[in-house]
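Protein chains in written order, with my numbering: chain V, 1 to 309; chain H, 1001 to 1133.
Here a beta-carbon is modelled for each residue, glycine too, at the ideal position from N, C-alpha and C.
A quick note: this is a predicted structure, and the numbers were derived from the prediction, not measured.
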């Protein structure tokens, strides 16, 4: 296997006394689209900023193209497309000026692609940066980064603040980039339906570390979600295959990992088992981040009040 | 040829694309010789990762449903699988066993299964497929 484009190895970072990353490890392979997910404040932006060398880790290491993040030189950075949360652009420029500036600093800049993409987004070259809406600035940043023909594209929640049409444009721009170049992409996002379509692999960051790091196909194959109503005397299931068990009206909502046919047969023998199917990404996300505390294996007395209705 | 996928379905996206193409051929809504959309076209149309489309097309090519012509793109084919006859037989038996087993657990009777198979057979244009057995 070729060497990964991105690696995090046990990265830790505190802000004051607050640990944000407690040992983040992941890798992104060439051509792979990796979605980093997590609730607000989970440390996604911190991780991406550490990766690009904008922020020092307190322990562990990260690298891009095999080069330590803190050692990345101008030539290495030229191979990375970066779309930050703040959508930093020079306020004194026009859209056309920003494109010309970017084209001048990146040897492989695809001018024709940029012009086409801007036209599709409805951005005119004469528009002043200061007059753009938040969504338009986000689009311009994405177009500039993608047109730069990077070997790695890193985006911090690129779809934030975009409406549905703009998000679709963003997806199209990403699809074009991937079809043209086979570039690796690492992005954080809150739009799980977009992630389900485009990501090869997802990582879910919770309490400073990854609680899920798997391909979407793997999630579909290995995780099962079902409703289980115990027969009188039937005890709730336990075991390492149980990711989560939430009490619902008269039953349990179970999330199972790598459940064997025997374990499922056991559930059928001790209760009624219905709707066994892989979770959507949103369900999985809620399952693994919806609770605080160290473990995933916990009984959640969710919506217990609902039982009164 | 309309290819439809559901990103929330339990089935992996690339398998959904593979099945949609095979189903279009089997039902006669697409014909051998039809050109498949390019990887980019289909990825954009379905708003999915081009890697997923590439993977689907590779599986279709391996299964003899698609031929790749250098520079011209991918075309539907009635070439069929290269697998040996014995292996094809074995796969058919496996598929049948799997279906009957699942039907048993869903609580169906043998006559229900036979009826479902007959209905599914009606949907497929067997006479247009070159005989391979």
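Item to check | Interface flag, residue 30 of chain V vs chain H, CB-CB below 8 Å | outcome: Locating residue 30 of chain V in the first chain gives position 30, counting from the first residue. Not closer than 8 Å to any Cβ of chain H, the Cβ of residue 30 of chain V fails to qualify, so no.
Checklist entry - Going along the chain, which residues of its own chain have a beta-carbon closer than 6 Å to the beta-carbon of residue 1122 of chain H, five neighbours each way excluded? => result The sequence position of residue 1122 of chain H within the second chain is 122, counting from 1. For residue 1122 of chain H, where only same-chain residues beyond five positions count, there are no Cβ hits under 6 Å.
Checklist entry - DSSP three-state call for residue 162 of chain V: helix, strand or coil? => result Counting from one through the first chain, the residue named residue 162 of chain V turns up at place 162. It is coil, neither helix nor strand.
Checklist entry - Between the region 72-82 of chain V and the region 153-165 of chain V, do at least 3 Cβ pairs fall closer than 8 Å? => result yes
Checklist entry - Taking Cβ-Cβ distances shorter than 7 Å, what residues in chain V pair up with residue 1039 of chain H? => result Stepping through the second chain from its first residue, residue 1039 of chain H is reached at position 39. Chain V residues near residue 1039 of chain H: 179.
Item to check | Selection of the region 1066-1097 of chain H by Cβ proximity to chain V, strictly under 7 Å | outcome: none
Item to check | Backbone CA spacing between residue 1120 of chain H and residue 1103 of chain H [nearest angstrom] | outcome: Mapped onto the second chain, residue 1120 of chain H falls at position 120. Mapped onto the second chain, residue 1103 of chain H falls at position 103. In a straight line, the C-alpha of residue 1120 of chain H is about 15 Å away from that of residue 1103 of chain H.
Checklist entry - What residues in the region 31-42 of chain V bring their beta carbon closer than 7 Å to a beta carbon of chain H? => result 31, 33
Checklist entry - If we ignore side chains and look at the alpha-carbon of each, how far apart do residue 309 of chain V and residue 227 of chain V end up? => result As a working mapping, residue 309 of chain V is identified with position 309 in the first chain. As a working mapping, residue 227 of chain V is identified with position 227 in the first chain. With a pLDDT of 33 at residue 309 of chain V, under the threshold of 50, the modelled position of that residue is not reliable, and no figure is offered here.
Checklist entry - So is residue 1048 of chain H in contact with chain V if we call contact Cβ pairs under 8 Å? => result Position 48 of the second chain, counted from the first residue, corresponds to residue 1048 of chain H. Output row for residue 1048 of chain H: interface = yes.
Next on the checklist: Using a 10 Å radius around the Cβ and a threshold of 16 neighbouring Cβ atoms, would you call residue 59 of chain V buried or exposed?
Outcome noted: Locating residue 59 of chain V in the first chain gives position 59, where the first residue counts as 1. It is exposed - the Cβ of residue 59 of chain V has fewer than 16 other Cβ atoms within 10 Å.
Checklist entry - Taking 8 Å as the CB-CB limit, is residue 196 of chain V close to chain H? => result Position 196 of the first chain, counted from the first residue, corresponds to residue 196 of chain V. Yes, contact with chain H.
Checklist entry - Going by the beta-carbon positions, is the gap between residue 257 of chain V and residue 192 of chain V smaller than 8 Å? => result Taking the first residue of the first chain as 1, we reach residue 257 of chain V at position 257. Taking the first residue of the first chain as 1, we reach residue 192 of chain V at position 192. It is not a contact, given that the beta carbons lie outside the stated cut-off.
Checklist entry - With respect to the beta strand (DSSP E) encompassing residue 251 of chain V, which residues constitute its N-terminal and C-terminal limits? => result The residue given as residue 251 of chain V occupies position 251 in the first chain. Note, residue 251 of chain V: beta strand (DSSP E), 251-257.
Checklist entry - Is residue 301 of chain V buried or exposed, if buried means 16 or more other CB atoms sit within 10 Å of its CB? => result Position 301 of the first chain, counting from 1, holds the residue named residue 301 of chain V. Confidence at residue 301 of chain V is low in this model, with a pLDDT of 32, below 50, so its placement is unreliable and no value can be given for it.
Next on the checklist: Here's a check: name, in chain order, each residue in its chain whose Cβ is nearer than 7 Å to the Cβ of residue 49 of chain V, leaving out the five neighbours to either side.
Outcome noted: Working through the first chain from its first residue, we reach residue 49 of chain V at position 49. These residues qualify, in order along the chain: 55.
Next on the checklist: With the cut-off set at 8 Å, would you say residue 1125 of chain H and residue 1020 of chain H are in Cβ contact?
Outcome noted: Taking the second chain and counting its residues from 1, the one referred to as residue 1125 of chain H is at position 125. Taking the second chain and counting its residues from 1, the one referred to as residue 1020 of chain H is at position 20. Not in contact: residue 1125 of chain H and residue 1020 of chain H (Cβ atoms no closer than 8 Å).
Next on the checklist: In whole angstroms, give me the CA-to-CA distance for residue 269 of chain V and residue 1016 of chain H.
Outcome noted: Walking along the first chain from the start, residue 269 of chain V turns up at place 269. Walking along the second chain from the start, residue 1016 of chain H turns up at place 16. Looking at the two C-alpha atoms, the distance is approximately 33 Å.
Item to check | From V/128, V/86, V/64, residue whose alpha carbon lies closest to that of residue 92 of chain V | outcome: Position 92 of the first chain holds residue 92 of chain V. It is V/128.
Item to check | Chain-ordered chain H contacts of residue 310 of chain V [CB-CB under 9 Å] | outcome: Because chain V is modelled from 1 through 309, residue 310 of chain V falls outside the range shown and cannot be assessed.
Item to check | Cβ-based burial, residue 188 of chain V [other Cβ within 10 Å; buried from 16] | outcome: For the purposes of this step, residue 188 of chain V is taken as the residue at position 188 of the first chain. With 16 or more Cβ atoms within 10 Å of its Cβ, residue 188 of chain V is classed as buried.
Next on the checklist: Quick check: the region 1069-1082 of chain H against the region 1032-1040 of chain H, are at least 3 beta-carbon pairs closer than 8 Å?
Outcome noted: yes
Next on the checklist: For residue 242 of chain V and residue 255 of chain V, I'd like the C-alpha separation in whole angstroms.
Outcome noted: On the first chain, residue 242 of chain V is found 242 positions in, with the first residue counted as 1. On the first chain, residue 255 of chain V is found 255 positions in, with the first residue counted as 1. Spanning the two alpha carbons is a distance of roughly 6 Å.
Next on the checklist: Tell me the DSSP secondary structure of residue 193 of chain V in three-state form.
Outcome noted: Numbered from its first residue, the first chain carries residue 193 of chain V at position 193. Helix at residue 193 of chain V.
Checklist entry - Just how far apart, CA to CA, sit residue 94 of chain V and residue 125 of chain V? => result The count along the first chain starts at 1 and reaches residue 94 of chain V at position 94. The count along the first chain starts at 1 and reaches residue 125 of chain V at position 125. If I take the Cα positions, the gap works out to 7 Å.
Next on the checklist: I want to know whether the region 1058-1073 of chain H touches the region 1107-1116 of chain H - three or more CB-CB distances under 8 Å.
Outcome noted: no
Item to check | Local conformation of residue 130 of chain V per DSSP, three classes | outcome: Position 130 of the first chain holds residue 130 of chain V. Three-state result, residue 130 of chain V: helix.
Checklist entry - Rounded C-beta distance between residue 72 of chain V and residue 203 of chain V? I'm assuming under 8 Å. => result Looking up residue 72 of chain V in the first chain gives position 72. Looking up residue 203 of chain V in the first chain gives position 203. The pair is not a contact, with the Cβ atoms about 22 Å apart (cut-off 8 Å).
Item to check | residue 34 of chain V: first and last residue of the uninterrupted beta strand (DSSP E) it sits in | outcome: By one-based count along the first chain, residue 34 of chain V stands at place 34. Segment 33-38, the beta strand (DSSP E) holding residue 34 of chain V.
Checklist entry - Comparing alpha-carbon positions, which option in V/150, V/166, V/101 lies nearest residue 120 of chain V? => result The residue labelled residue 120 of chain V in the question sits at position 120 within the first chain. Checking every option, the nearest Cα to that of residue 120 of chain V belongs to V/166.
Item to check | Cβ neighbour criterion (16 or more within 10 Å) applied to residue 303 of chain V | outcome: Here residue 303 of chain V is taken as the residue at index 303 of the first chain, counted from 1. Here the model assigns residue 303 of chain V a pLDDT of 31, short of 50, so the residue's position is not dependable and the matter cannot be decided.
Next on the checklist: Let me check one thing: in DSSP terms, what residues is residue 224 of chain V bridge-paired to?
Outcome noted: Walking along the first chain from the start, residue 224 of chain V turns up at place 224. In the DSSP output, where bridge partners are listed per residue, residue 224 of chain V has V/256.
Checklist entry - So which residues on chain V does residue 1012 of chain H lean against when the C-beta distance must stay under 7 Å? => result Along the second chain, one-based indexing puts residue 1012 of chain H at 12. Within 7 Å Cβ-Cβ: 217, 220.
Next on the checklist: If you measure between the beta carbons of residue 1047 of chain H and residue 179 of chain V, is that distance less than 8 Å?
Outcome noted: Here residue 1047 of chain H refers to the residue found at position 47 of the second chain. Here residue 179 of chain V refers to the residue found at position 179 of the first chain. Contact flag unset, no.
Item to check | Interface positions of the region 155-178 of chain V facing chain H (Cβ-Cβ less than 8 Å), listed along the chain | outcome: 168, 171, 172, 175, 176, 178
Checklist entry - Alpha carbon to alpha carbon, how far is residue 43 of chain V from residue 4 of chain V? => result As a working note, residue 43 of chain V is residue 43 in the first chain. As a working note, residue 4 of chain V is residue 4 in the first chain. In a straight line, the C-alpha of residue 43 of chain V is about 22 Å away from that of residue 4 of chain V.
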